[in-house]
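Participant: Quick one: structure below, then a few questions.
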Amino acid sequence: MSEPSMTIALGTDHAGYNLKVALLDYLDSQGIKTIDCGCYSDESCDYPDFIHPAALKVISGEADRAIVLGGSGNGEAIAANKIKGIRCALCYDIWSAEMASLHNNANCIAIGARPTTPELAYQIVDKWLSTPFEGGRHKRRIDKIEPQT
């Protein structure tokens, strides 16, 4: 399912806190190392304070990939994508997770915790991690979406 010695950074706001805890346990049971970038309770907080650090762990090489969580996952995906080099896809089902890897080579996914059960989140993560990037025309397209300077 995952690369040997893979490390995944997780960041969330209060709405995703409980799903983050469940995912930390699940990833550990799969032999995947994790970095918990917060938040650390279900008290209201601002998601960029935890999403940016998770995304930056990927850019620094401390983590191979990141998972960011929030109520819908939309704001979290937007925040993660503000970090140069992050390709964060909002995943709401198994197919979207497959496409995130197959076509977008996403190094980060966002999951909406309010509509997503832990069991579905595990399936999303499994599909994202086990699907290889197809390359080819998709590589050309990814190169075109890199930030313009």
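In my numbering, each residue carries its 1-based index in the sequence shown increased by 12.
Glycine included, every Cβ here is placed at the ideal spot set by N, Cα and C.
For the alpha helix (DSSP H) containing R6, list its first residue and its last residue.
Facilitator: The structure shown does not extend to residue 6, since the chain is modelled only from 13 to 161, so the question has no answer here.
Participant: Can you give me the C-alpha to C-alpha distance between I106 and I95, rounded to a whole angstrom?
Facilitator: 25 Å
Participant: Using a 10 Å radius around the Cβ and a threshold of 16 neighbouring Cβ atoms, would you call G124 buried or exposed?
Facilitator: buried
Participant: For Y59, collect the residues of the same chain with a Cβ closer than 7 Å to its Cβ; drop the 5 residues on either side in sequence, then sort them by chain order.
Facilitator: D25, G82, G87, E88 and A91
Participant: Leaving out five residues before and five after G28 in sequence, what residues of the same chain have Cβ atoms less than 6 Å from its Cβ?
Facilitator: L81, G82 and A125
Participant: Flag this pair as yes or no: are the beta carbons of I121 and C100 separated by less than 9 Å?
Facilitator: yes
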